[in-house]
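The sequence shown stops at residue 456 when you use our numbering, and every number in between is there. Glycine is no exception: its CB is placed at the ideal position from the N, C-alpha and C atoms. Just below is one structure, and these are the notes that go with it.
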Amino acid sequence: FLKNNNPMNCIGHCNFEVVPRCLQAGPLKYFVYTSSYHSLHHTKYKYNYALFCPIWDYMAGTVHSTTEALHEKVLAQEARKLEAVFLGHGHALHSMIHLPWFSPYLATHKHEVRWWMVPLQPLMVVWAIFCRFAFSTTCIQRYQFRGTECATWCLPVTGHFYFMQSQRKAIFEMILQAVREADDAGVKYFGLAALNKAEWINRGGTDIVAQLEKHRKIRIVHGNTLTAAAVWEALKQHCVPKDEIVFAGATSKIGRALCILLARRGNVVHMITGCQERFDKIREGAGAFGKNLVRSKTYEEAAAKKCRCWIVGKHMSEEQIRELIPLGSLIVDFAVPHVPQEVSSSYKYVNGAAMKYSRRDTDLTFCHDVPDTMPACLAATIIHAREDRGEHEIGELEVDEVDKWWALAVSHGFSLACVEPNKDLAAAGATTQQDGPRAKVA
């Protein structure tokens, strides 16, 4: 019963017609109901009562007269033209079951490991491998944002494959094919999520544009400028120029832009990096303000500076955060995966990679990462589509464009996602900050 009930219930209430004409031919229409069939029950009330098996309505004479015509009309109509597509991918194994056709509940909630998923890990490994080689790009959800037609697509690939040298070329080809399919469908702007814009995959979208045929009109968007703008805005709101800042992940594209902006502002930035060459290049890019950029070779060396403002642009473990960052400090996070809530609640926390929006502006229900937000790179893709300037956003960030992008984001209804720390823990952190990094919290 449950195997039949749940899928059929989803079909009846999804508000999309998914049942083809062939399943309504001849006597099949008495045993297979459609989305449009059940929609008439909600609009006409006294018709189409049958749940899953229309034969009862036919026997009772309660089938609405427009049932068959409505099904045909819906199937015959042209699909709405998409203006923006955002291409995501799976991250950990459990993310591959956070899909609307597997579980509408999981798809609308934060992607995290639940207790019942733990014994399923071996099966999830097999499922992830099967998805990688058996499936192609799929649409997760279509939605509107203030009237702009959008969709989130997903590569059936978990993050593990992106770090395998043998898989990188194949993943690049999958992304390129998805871009071509979107262009064929009339999509104007194509956003890249997370590792889909990694330097070793396509150099922030640069290689995609180079490989596209000349007749292609689609524009590629990595969205990193808005991520940098959100982090920059958080820093301006929550710290002052005299504050010293520790930066993990400082040599990334986003990190480079933020280090230069902070140096110009007067903040001393302790850049955690093991690469002297990359540090020197960013410091040179800051010009006369490069004196405000200081290299720390390790996390422990940076933590010894006793700074109460950290930018986390590279994954840090829960143990590292609790041990190195004083409680109540400001953490501005744009790493993936993000700082977990059970840790971030002890700090003044801003997720620079997640943008808040009004639910009145969109019918988006899929949870990309953080509940009640969307990734900054998705917001950037939507803004590109709404502004429609016909420009790519690929490669290195333009530092001087960061402030402009924040103004654009605000004008289109986006804002920061900020969490205040627990007051007792913040006070404890403040009273002990002179002792350096805190010990682990039990």
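Spatially closest choice to residue i from the options, by CA coordinates
i	options	result
Thr312	Ser359, Gly304, Leu338 and Ala302	Leu338
Ser331	Ala318, Asp347 and His406	Asp347
Leu54	Ala431, Thr151, Val99 and Thr80	Thr80
Thr287	Glu258, Lys328, Arg322 and Cys323	Lys328
Val235	Phe204, Tyr157, Arg217 and Trp214	Phe204
Glu410	Trp324, Leu272, Tyr51 and Gln38	Leu272
Trp115	Cys153, Ala90, Ala142 and Lys95	Cys153
Leu275	Glu258, Pro133, Val254 and Ala300	Ala300
Glu31	Pro41, Ala90, Gly342 and Leu42	Ala90
Glu503	Glu412, Ala423 and Val413	Any question about residue 503 goes unanswered here, given that the chain covers just 15 to 456.
His426	Thr395, Leu137 and Arg94	Thr395
Val457	His56, Gln225, Lys267 and Ala212	Beyond the ends of the chain as shown, which are 15 and 456, falls residue 457; an answer cannot be given.
Gly102	Lys211, Glu314, Arg373 and Ala431	Lys211
Glu315	Met285, Ala421 and Phe303	Met285
Val308	Ala318, Phe293, Tyr157 and Ala317	Phe293
Cys432	Ala368, Ala399 and Ile25	Ala368
Val350	Gly173, Glu298 and Pro21	Gly173
Ala83	Ser117, Val416 and Lys43	Lys43
Phe303	Ala318, Lys295 and Gly280	Gly280
Ile215	Thr387, Phe177 and Pro41	Phe177
Arg373	Phe428, Ser359 and Ala421	Phe428
Pro41	Lys319, Tyr72 and Leu226	Tyr72
Thr151	Glu187, Glu333 and Thr387	Glu187
Pro354	Phe45, His125 and Glu213	His125
Ala93	Lys319, Glu415 and Tyr157	Tyr157
Leu226	Glu415, Ala317, Asp417 and His406	His406
Integer Cβ distance of residue i from residue j, believed to fall under 8 Å
i	j	result
Leu240	Ala393	6 Å
Phe175	Arg146	6 Å
Gly404	Arg230	Incorrect: roughly 13 Å between the Cβ atoms, too far for contact.
Ile222	Ile189	7 Å
Val254	Glu97	About 40 Å; that fails the 8 Å criterion.
Ile335	Tyr363	Wrong, their Cβ atoms sit about 11 Å apart, outside the cutoff.
Distance CB(residue i)-CB(residue j) smaller than 9 Å
i	j	result
Asn306	Val326	no
Asn29	Phe66	no
Phe100	Cys391	yes
Gln181	Val171	yes
Val245	Ser310	no
Ala74	Tyr59	no
His105	Ala196	no
Ser50	Val88	yes
His382	Asn365	no
Gly237	Pro389	yes
Trp419	Ala242	yes
Glu258	Cys321	yes
Ala262	Trp324	yes
Met110	Trp70	no
Glu139	Leu113	Strictly speaking, residue 139 in this sequence is Val, with Glu absent from that position. No, Cβ-Cβ distance for Val139 and Leu113 is not below 9 Å.
Tyr371	Leu341	no
Gly219	Ile408	yes
His9	Thr48	Since the first residue shown for the chain is 15 and the last is 456, residue 9 is missing from the structure and cannot be characterised.
Leu430	Gln251	yes
Ala199	Leu169	no
Pro118	Cys24	yes
With 16 other Cβ atoms within 10 Å as the buried cut-off, status of residue i
i	result
Glu356	exposed
Arg270	buried
Pro68	buried
Thr445	Because Thr445 sits at a pLDDT of 41, beneath the cut-off of 50, its placement in the model cannot be relied upon, and the point is left open.
Cys36	exposed
Arg452	Because Arg452 carries a pLDDT of 38, less than 50, the predicted location of this residue cannot be relied on, and no value is offered for it.
Gln38	buried
Arg128	exposed
Ser27	Looking at the sequence shown, residue 27 is not Ser but His. Answer is exposed; the Cβ neighbour count stays below 16.
Leu206	buried
Lys256	exposed
Phe149	exposed
Ala421	exposed
Val33	buried
Ala399	buried
Ile296	buried
Leu137	exposed
Ala224	exposed
His52	buried
CB contact check: residue i to chain C, cutoff 9 Å
i	result
Gly288	Protein chains in the displayed structure number just one, and chain C is not present.
Taking contact to mean 3 or more Cβ pairs, one atom from each stretch, closer than 8 Å, check whether the region 374 to 389 and the region 156 to 164 are in contact.
By the Cβ test, the region 374 to 389 is in contact with the region 156 to 164, since at least three Cβ pairs between them sit closer than 8 Å.
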